[in-house]
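Numbering (the UniProt record's numbering), first residue to last: 1 to 190. Cβ atoms here follow ideal geometry from the backbone N, Cα and C, with glycine treated the same way.
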Amino acid sequence: MTDGETTTLDDEIVARARIHAREVRDEHELAIDLGAIEWAVSTRARRRAGACRWHADREVATIVLARRAYERYEWPAFAGIVRHELVHAWEFQQFGESGHGDRFRKRAAALEAPRYCETFVEPRYVLRCLEADCDWRAKRHRASKPVKTPDQYRCGACGGGYEVEHVASDRTWTTASGYGGAKAALGDDW
């Protein structure tokens, strides 16, 4: 930094992530080219704490970290997210693709990285099976088609019907008209 410049929270996140990435690479002898990784911070992300995007044309991975997750988690948990995304970057660099399969699972375990990152905000909606012997639930952060028109979709486990709950208000619906009614009733509180 030069005189008069201040460090932002995003600068802090990227700096800590880069330092941690170097430590992980060196400690675990991870064959990853840190020079071919770009770092970014998302101020909009609400669900994913991190993401890794591969730009095959440039052979560069961009690791995007969520500012809200950094603010919500303690450093050890957030460092796990950085390691998780490093595994994706490593897979992209080595194999041109990445997922959460066996290869990812093994490398993530070696780096003590979580296989999946927990969400860091409460969902806006919860889908819940209506069958008595089924405990299927799904969380949604946006009003997707299954949220707006639950009568056109089925439970992900047993195939039964499900209801949608608007978490902030506890209102539930099972049809498209129920969704519209709940949204209209809540107005500005939607």
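{"Asked": "Inside the UniProt domain \"SprT-like\" (17 to 165) only - alpha helix (DSSP H) runs reaching at least 4 residues", "Found": "67 to 72, 75 to 95, 102 to 110, 145 to 148"}
{"Asked": "First and last residue of the uninterrupted beta strand (DSSP E) at Thr-172", "Found": "171 to 173"}
{"Asked": "Same chain, Cβ closer than 7 Å to Ala-157, neighbours up to 5 away in sequence not counted", "Found": "Cys-129, Cys-134, Trp-136"}
{"Asked": "Helix, strand or coil at Ala-185 [DSSP, three-state]", "Found": "helix"}
{"Asked": "Given 8 Å, three or more beta-carbon pairs between the segment 42 to 57 and the segment 67 to 79", "Found": "yes"}
{"Asked": "Among Asp-102, Gln-152, His-100, the one whose alpha carbon lies nearest that of Ser-177", "Found": "Gln-152"}
{"Asked": "CB of Glu-38 within 8 Å of CB of Thr-8, strictly", "Found": "no"}
{"Asked": "Contacting residues, own chain, Cβ-Cβ under 6 Å from Val-64 (five flanking each side not counted)", "Found": "Ala-40, Ser-42, Ala-51"}
{"Asked": "Cβ contact check for the segment 88 to 105 and the segment 117 to 125: 3 or more pairs under 8 Å", "Found": "no"}
{"Asked": "Supposed contact pair Ala-184 and Arg-171 - C-beta distance, whole angstroms, cut 8 Å", "Found": "Not quite, the Cβ-Cβ distance comes to about 11 Å (not below 8 Å), so this is no contact."}
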